[in-house]
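Chemist:
Numbering (our numbering), first residue to last: 67 to 264.
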């Protein structure tokens with residue numbers, strides 16, 4: 067079912083959102099989707115950091131030690147999952163402002179399937195050049211935002227006019243979460259959890 071939704075969200079997103087809305091899955095389905103898809107950027111960046119080396123555009127490629135890469139990958143995995151849950155909670159909490167009454171599971175479906183293109187960007191890390199990952203990341207972010215705007219009215223069962231404003235609020239909340247995640251990474255790096263290079 068997960069792979070069916072995955073392909074559908076890329077080939078015919080509006081119809082796939084309707085399918086997701088009609089067959090509201092159990093919490094464990096959304097959870098298994100998040101846990102599986104979040105492995106993509108984690109595994110790909112681990113391989114890039116330890117085996118391929120990151121090309122920053124100047125100087126030689128940078129390689130992390132296995133231990134450092136493993137620690138950072140674990141932190142990334144839990145950070146991605148926590149980010150999706152936080153976004154789902156914010157979407158659930160804001161829904162009442164827009165006269166919607168979704169369950170938390172619906173909000174989690176919205177957040178998990180919307181985050182999927184961003185997680186898929188992790189495949190770009192297998193060509194570990196910063197410029198390439200940034201370009202692919204831009205397209206992944208743009209498609210995630212598109213999925214959010216198309217999915218909100220369908221999953222949350224609200225009119226499209228309100229859905230646009232609601233989706234804009236969720237995008238803003240997502241950007242705040244992203245900045246918070248980046249700030250927490252900087253704080254962790256400054257207290258000794260930073261990368262260790264080979």
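Every residue gets a Cβ at the ideal spot worked out from N, C-alpha and C, and that includes glycine.
To the nearest whole angstrom, what separates the beta carbons of residue 149 and residue 75, a pair I think is in contact under 8 Å?
Modeler: The residue you call residue 149 lines up with position 83 of the chain shown. The residue you call residue 75 lines up with position 9 of the chain shown. That belief does not hold up - the Cβ atoms of residue 149 and residue 75 are roughly 19 Å apart, past 8 Å.
Chemist: On the criterion of 16 or more Cβ atoms from any shown chain inside 10 Å, does residue 71 qualify as buried, or is it exposed?
Modeler: Within the chain shown, numbered from 1, the residue matching residue 71 stands at position 5. Its Cβ being crowded by 16 or more others within 10 Å, residue 71 is buried.
Chemist: Let me check one thing: in DSSP terms, what residues is residue 263 bridge-paired to?
Modeler: In the chain shown, the residue the question calls residue 263 occupies position 197. Its beta-bridge partners are 130.
Chemist: Within its chain, find whatever has a CB closer than 6 Å to the CB of residue 129; leave out the 5 residues flanking it on each side and keep chain order.
Modeler: Sequence index remark: in the chain shown, residue 129 carries index 63 (1-based). Contacts found: 119 and 264.
Chemist: Just to check my reading of the structure: residue 236 and residue 174 have Cβ atoms closer than 8 Å, yes? What is that Cβ distance to the nearest angstrom?
Modeler: For this step, residue 236 is matched to residue 170 along the chain shown. For this step, residue 174 is matched to residue 108 along the chain shown. 13 Å between Cβ atoms; not a contact.
Chemist: According to DSSP, is residue 246 helix, strand or coil?
Modeler: Along the chain shown, read from residue 1 onward, the residue named residue 246 stands at position 180. Helix.
Chemist: Quickly, what does DSSP pair residue 121 with across the bridge? List them, please.
Modeler: Along the chain shown, one-based indexing puts residue 121 at 55. Residue 121 pairs with 195.
Chemist: If I'm right that residue 106 touches residue 188 with Cβ under 8 Å, what's the distance once you round it to whole angstroms?
Modeler: As a first step, residue 106 is located in the chain shown; it is residue number 40 there, counting from the start. As a first step, residue 188 is located in the chain shown; it is residue number 122 there, counting from the start. That pair is a contact at about 4 Å.
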